[in-house]
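Structure record follows, encoded as structure tokens.
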Amino acid sequence: MIYENILDFNGSISKTTALMGLDLGSKTIGVAISDSFRSIATPLKTIRRTKFSEEVKVLFQLISEREISGIIIGLPKNMDGTEGARCQSTRAFARNIITFRDFPISYWDERLSTVAAEKALLEADINRKRRSEVIDHVAASYILQGALDRLSHNIKMN
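Under our numbering, the sequence shown has 133 at position 136, and the numbering climbs by one with no breaks.
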């Protein structure tokens, strides 16, 4: 099931399992995972885009291996907050996952996540070639960490 509200999403999943974060691009999918306490997001891998059936097979294999209970997908809104063609593509990807297997999915605003990831990699003095290899899954970890921080903040407030 797809949840527009991340708090509704949180209410639908097991509290002691990890989450997966995705940064969808036209050529790659960045993947990150959280720990089971949902406090830290870790970059995992980058999947080269081929056919959807192959991509979803890899994702569900990771979900099974890592005992993931839900997916957070970065929603690439425009800087003014509106949704364009890339958001439509992201939402279509989520709907396609659901047709393959019903699984809890929510979105997180990914504005500037790739910029933040690029800045962190530059500050770490990572060379250009290596940055291009890891940027997508590092961006996925920024997306997932933002969602984890929001969920953690909500728990502390209640």
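Every residue gets a Cβ at the ideal spot worked out from N, C-alpha and C, and that includes glycine.
Asked                                                                                                                                                        : Found
Would you list the one or two residues that DSSP bridges to residue 106?                                                                                     : 72
With a cut-off of 8 Å, does the C-beta of residue 85 fall near any C-beta of chain D?                                                                        : No chain D appears in the structure shown, which is made up of a single protein chain.
Would you check if the distance between the CB atom of residue 19 and the CB atom of residue 60 is smaller than 8 Å?                                         : no
Can you name, in chain order, every residue of its own chain whose Cβ lies under 7 Å from the Cβ of residue 84, other than the five neighbours on each side? : 72, 73, 74
Please report the distance separating the alpha-carbon of residue 3 from that of residue 44.                                                                 : 25 Å
Would residue 11 be called buried (16 or more neighbouring beta carbons within 10 Å of its own) or exposed?                                                  : exposed
Going by CA-CA distance only, name the one from 88, 132, 48, 46 that's closest to residue 0.                                                                 : 88
Please determine, among 15, 104, 57, the residue with the shortest C-alpha to C-alpha distance to residue 35.                                                : 15
Any idea what DSSP makes of residue 25, helix, strand or coil?                                                                                               : strand
Using the Cβ count rule (16 or more neighbours within 10 Å means buried), how would you classify residue 52?                                                 : buried
May I have the straight-line CA-CA distance separating residue 24 from residue 133, to the nearest angstrom?                                                 : 10 Å
Could you give the distance in angstroms between the alpha-carbon of residue 81 and the alpha-carbon of residue 13?                                          : 35 Å
Rounded to whole angstroms, what's the CA-CA distance from residue 77 to residue 106? Just pull it up for me.                                                : 12 Å
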